[in-house]
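For reference, the structure is listed below as structure tokens.
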Amino acid sequence: MITGWRCWDISPNGHLWSPLNYGGDVEWPPGPMRAVCEAPVTRERHPVPDPECSCGFRSVPDLGGFCTVILWGHKLFLPKVVGLARIGGRTCAADAYGDPGSAIRAEWAAVAGPLHLGQPFAAAAPLLAGVYGADVILSDTDQLDWMSGAIAGDHAAWTASPASLGQRLYRPNREARRRAAALMRRFPR
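Throughout, my numbering is defined as the position within the sequence shown, counted from one, plus 63.
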């Protein structure tokens with residue numbers, strides 16, 4: 064398994080959605096999910112991910128590389144949520160399909176957390192913490208820079224001492240954490 068950075072949108076019901084998914088909106092459930100290729104009918108079905116296709120869940124192992132990916136694609140979307148995902152199963156380098164940076168595509172993925180939100184999306188923080196059993200960190204800025212400098216600082220503070228984030232940290236309750244841990248045990252090895 065690999066833990067890496069990725070971004071999401073927020074669905075109307077407050078769950079995470081994959082941005083720029085060409086097969087339609089994909090809502091991320093709590094726990095692991097398996098990628099399915101949405102290739103046109105003219106293309107043969109294949110194992111996911113395939114180096115000759117764009118299928119699979121994308122993740123970037125380091126925050127610096129992730130920011131490069133976001134800056135590459137920011138003209139198309141501005142993510143509402145940035146956080147850590149656990150990926151595994153079959154993997155391949157995403158750059159085989161033209162993605163920038165050190166992105167990796169994988170067959171399996173799950174929300175690992177913490178999740179970082181910009182100020183405009185503060186209302187979603189308690190629900191996301193409860194649904195995914197992950198800490199949610201609310202940025203103290205709503206500017207584009209929250210995706211680079213602010214996330215790096217907040218993530219370092221969370222790693223060292225989550226309590227140092229004060230009221231900007233939304234923690235899931237014990238039951239949500241227990242449920243998330245049970246679901247993560249289903250992640251394929």
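Built from N, CA and C at the ideal position, the CB exists for glycine as well.
- Cα atoms of residue 180 and residue 144: separation of roughly 5 Å, rounded to the nearest angstrom.
- In the three-state reduction of the DSSP assignment, residue 218 falls in the helix class, which pools H, G and I.
- Rounded to whole angstroms, the gap between the alpha carbons of residue 248 and residue 92 is 15 Å.
- DSSP, reduced to helix, strand and coil, places residue 250 outside both helices and strands of the structure shown, so it counts as coil.
- Within the region 143–207, the complete alpha helix (DSSP H) runs of at least 4 residues fall at 188–195.
- For residue 65 against residue 184, the beta-carbon gap comes to about 26 Å, at or over 8 Å, which does not count as contact.
- Residues of the same chain with a CB within less than 7 Å of the CB of residue 127, apart from the 5 flanking positions on each side, do not exist.
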